[in-house]
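One point on numbering: in UniProt numbering, the residue at position 51 of the sequence shown is 51, and numbering is uninterrupted. Where a beta carbon is used, it is the ideal one built from N, C-alpha and C, also for glycine. Read through the structure below, which is laid out as structure tokens, and then see the notes.
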Amino acid sequence: MVLYGAASGPVDPINPLTLTRNSIYLSRPTLSDFIPTFAEKKERINDLVSALLSGALELPAIQTFTFEQATQAHRLLESGMAGGKLAFTTE
Numbered sequence: 001m002v003l004y005g006a007a008s009g010p011v012d013p014i015n016p017l018t019l020t021r022n023s024i025y026l027s028r029p030t031l032s033d034f035i036p037t038f039a040e041k042k043e044r045i046n047d048l049v050s051a052l053l054s055g056a057l058e059l060p061a062i063q064t065f066t067f068e069q070a071t072q073a074h075r076l077l078e079s080g081m082a083g084g085k086l087a088f089t090t091e
């Protein structure tokens, strides 16, 4: 079993003894497993920012909703059709 991210919240507790059946193991990779040094992280962030500033990389648009539109935003998330980030505005 591999856990990637936790956007929907923490995972329910798992009894480690259930993982012994069939030699199942649990893995929770983190960024530090793949980019171990601060210098390398800094280099990769600089590359990312450069790509964004040059237009080589584009971010999807952020859809905004008022709090009155919360039901609509929630339905969009549940449908899997959001296609990016959603944000609520106070105006």
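For residue 83, the closest C-alpha among the options 68, 19 and 63 is that of 63. Look at residue 18 here: in three-state DSSP terms it is helix. Distances from the CA of residue 66 to each of 91, 20 and 47 were compared; the closest alpha carbon is that of 91. Taking C-beta atoms as the reference points, residue 86 and residue 73 count as a pair closer than 8 Å. Nearest C-alpha to residue 17 among 57, 30 and 25: 25.
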